[in-house]
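Enquirer:
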Amino acid sequence: MPGYRFLPGRSAGLLISLLATLVLAACSGGGGSPPPQAPVPVAVNATVTVNWTASPDAEVNAMGGGYRVYYSSNAGFALTDAGVQMVDVPYNGMATPTTAQLNINLSGTWYIKVVAYSALTPPGGNGGSVSTPTTQLAVVVPAP
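The sequence shown: position 88 = 1561 (my numbering), numbered continuously.
#1: Name the residue from Ala1519, Ala1531, Gly1539, Ala1516 whose alpha carbon lies nearest to the alpha carbon of Pro1570.
#2: Give the DSSP bridge partners of Gln1558, in chain order.
#3: For Leu1552, name the three-state secondary structure that DSSP assigns.
#4: Could you check if Gly1566 is buried or exposed, using at least 16 other CB atoms within 10 Å of its CB as the buried criterion?
#5: By alpha-carbon positions, which one of Pro1509, Met1536, Ser1545 ends up nearest to Val1612?
#6: Kindly identify the DSSP beta-bridge partner or partners of Tyr1564.
#7: According to DSSP, simplified to helix, strand and coil, what is Gln1609?
#8: Grab me the residues of Ala1573's own chain with a C-beta within less than 6 Å of its C-beta, minus the 5 sequence neighbours each way, in chain order.
#9: Which residue comes first and which comes last in the beta strand (DSSP E) that contains Ala1573?
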């Protein structure tokens, strides 16, 4: 929108969706068996594709703008928590992509959030900020 500025603390109105393969297993057990123990994460080599709706902010879709996709195995994670992984999706000269590939190395449930940023509000800069993170989504990466 002409004259619209991406301001710190304003939501960019991002919507994300996930494309992932979910494997469901069903079992029937004998009565009186103790409940199964929580699954132990095992090493995997999985790729999760994350797509989201583009921000209407012109500065996000210009030089110095972009998105950051954060992911963690901890539900309710903060972007600055230890162990949180991030993929930067910067403006590429024509448009800012709205897709990212996440390389997951452990099975289990992974939680994902996306934020937008611009040259006016660079993440990590002096006074820099990003949009409000999207609602956390979860994807299950099955063990092989």
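Where is the CB? At the ideal position from N, CA and C, for every residue including glycine.
Expert: On the basis of the data shown:
#1: Here residue 1570 is taken as the residue at index 97 of the sequence shown, counted from 1. It is Gly1539.
#2: Your numbering for residue 1558 matches position 85 in the sequence shown. Beta-bridge pairing links Gln1558 to Tyr1544.
#3: Working through the sequence shown from its first residue, we reach residue 1552 at position 79. DSSP, read as helix, strand or coil, puts Leu1552 in coil.
#4: The residue labelled residue 1566 in the question sits at position 93 within the sequence shown. Of the other Cβ atoms in all chains shown, fewer than 16 fall within 10 Å of the Cβ of Gly1566; this residue is therefore exposed.
#5: Here residue 1612 is taken as the residue at index 139 of the sequence shown, counted from 1. Selected option, being the one with the closest Cα: Ser1545.
#6: Translated into positions along the sequence shown, residue 1564 becomes position 91. Paired residues: none, contrary to the question.
#7: The sequence position of residue 1609 within the sequence shown is 136, counting from 1. Here Gln1609 carries a coil assignment [DSSP, helix/strand/coil].
#8: On the sequence shown, residue 1573 is found 100 positions in, with the first residue counted as 1. Hits under 6 Å: Val1523, Val1542, Val1560, Val1562.
#9: Indexing the sequence shown from 1 puts residue 1573 at position 100. Note, Ala1573: beta strand (DSSP E), 1572-1579.
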